Amino acid sequence: MAEISILFLGDWLTQDVAPYLRFASEARRESVSRFRASADQNRSLWAELFARWRAAQTVGAHPSEIALGHDEKGAPVCHGAKLSLSLSHSGPYIAVAVGDAPVGADVERKRKAPSGVAKRWFCPEENAFLQSLSEESYPSAFFRLWTVKEAALKYTREGLSGGLETIDALRLLGSAKNGADDALAAQNFALPKEAVAAVVAQRCNLPEKARLFVLETSATGIFGDATFSEIHFISPMKGLQGNNE
């Protein structure tokens with residue numbers, strides 16, 4: 000079964016990344032150096048460190064034994080552990096999904112959801128559903144569908160080049176409840192601070208919960224004085240019917 004873990008960075012978005020760069024790969028350090036904003040630097044750095052830590056926990060290894068890379072399409076791969084890995088970050092959140100079978104994950108902050116984007120990238124059934132909603136319900140439903148689409152393209156390892164319009168997010172969400180065990184399915188998780196995450200996997204491999212972590216300072220931190228602390232878990236959202244979450 001796949002697992003999805005969400006890291007809430009909070010005030011760490013504005014922290015100086017310098018003390019923690021030594022724990023990252025050379026490629027990641029170079030990537031971080033290209034960003035000017037501290038928020039972008041922290042998202043990039045902690046995405047790698049959190050993913051390595053979660054992968055190491057899953058297989059009973061130390062993070063130093065885990066290395067992350069990318070395949071020919073730019074999708075993340077995990078060296079040092081036979082795991083499927085998917086990464087996403089948005090705002091203060093980093094999402095990491097791991098499993099022994101393919102998995103895709105996405106996280107997005109809820110913000111303005113222009114109807115023109117849906118008309119371009121959503122299939123007719125999805126657009127018809129969105130247009131049936133109230134103005135209040137539209138943004139939540141939009142981002143639930145959007146995150147499923149992105150997670151599905153990460154599952155196939157095609158990325159956005161695979162075509163958002165080719166993914167029927169409504170069908171994938173429906174398969175989580177009514178599909179065959181080996182059917183591709185999706186589920187959403189509502190996060191604090193107006194954000195939503197999605198996981199796509201075979202129905203039998205969908206996680207039963209999302210684990211929410213925060214970064215804390217500790218004398219026995221896994222990365223210098225930084226450690227990850229689990230604060231609670233989040234159950235999957237219910238059926239996609241407006242604000243029925």
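Position one of the sequence shown corresponds to residue 0 (numbering that gives the first Met the number 0), numbered consecutively onward. We treat Cβ as the ideally placed atom computed from N, Cα and C, and that holds for glycine. For clarity, every value in this text was computed on a predicted model and none was experimentally measured.
- Taking Cβ positions, are F227 and L6 nearer each other than 8 Å? yes
- Whole-Å CB distance - A151 paired with G103, under 8 Å assumed: 6 Å
- Task: Output yes or no for whether 8 Å exceeds the beta carbon distance between L247 and A50.
- Result: Past the edges of the chain, shown from 0 to 244, lies residue 247, and the structure says nothing about it.
- Message: By the DSSP assignment, the alpha helix (DSSP H) with N204 in it spans what residues?
- Response: Segment: none, N204 is in no alpha helix (DSSP H) and carries neither H nor E.
- Task: Out of F121, Y19, A196, state which residue places its alpha-carbon closest to the alpha-carbon of R170.
- Result: F121
- Item | Entirely enclosed alpha helix (DSSP H) segments - the stretch 31–56, minimum 4 residues | none
- Task: Starting from R170, follow the beta strand (DSSP E) in both directions and report where the run begins and ends.
- Result: Careful: R170 lies outside any beta strand (DSSP E), inside the alpha helix (DSSP H) at 168–177.
- Query: Roughly how many angstroms separate the alpha carbons of A1 and R202, rounded to a whole number?
  - Reply: 10 Å
- Message: Less than 8 Å between the beta carbons of E134 and D167, yes or no?
- Response: no
- Query: What is the DSSP secondary structure of V147, counted as helix, strand or coil?
  - Reply: helix
- Query: Under a Cβ-count criterion, where at least 16 other Cβ atoms within 10 Å of its own Cβ denotes burial, should N246 be classed as buried or exposed?
  - Reply: The displayed coordinates of the chain run from 0 to 244. Any statement about residue 246 would go beyond what the structure contains.
- Item | Residues that R110 bridges to, as DSSP identifies them | According to DSSP, R110 bridges with nothing at all.
- Query: Tell me the DSSP bridge mates of R28?
  - Reply: DSSP lists no partner for R28.
- Message: Counting beta carbon pairs with one atom in the stretch 62–78 and one in the stretch 107–116, are three or more of them shorter than 8 Å?
- Response: no
- Query: Helix, strand or coil: which one does DSSP assign to F7?
  - Reply: strand
- Taking DSSP as the reference, what is the three-state secondary structure of G241? Per-residue confidence for G241 stands at a pLDDT of 43, beneath the threshold of 50, marking its modelled position as unreliable; the derived number appears in the next sentence. DSSP places G241 in coil when its eight states are reduced to three.
- Message: Let me see if you follow: with CB-CB separation under 8 Å, is A127 close to chain C or not?
- Response: Here chain C cannot be found, since the structure has a single protein chain.
- Query: Under 8 Å between the Cβ atoms of W145 and E107?
  - Reply: yes
- Roughly how many angstroms lie between the CA atoms of N242 and A189, to the nearest whole one? Unreliable positioning characterises N242 in this predicted model, as indicated by a pLDDT of 40, which lies under 50. The coordinate reading is nonetheless provided below. Answer to the nearest angstrom: the Cα atoms are 11 Å apart.
- Delimiting residues of the beta strand (DSSP E) encompassing A225: 225–233
- Message: By the DSSP assignment, the beta strand (DSSP E) with P75 in it spans what residues?
- Response: 75–78
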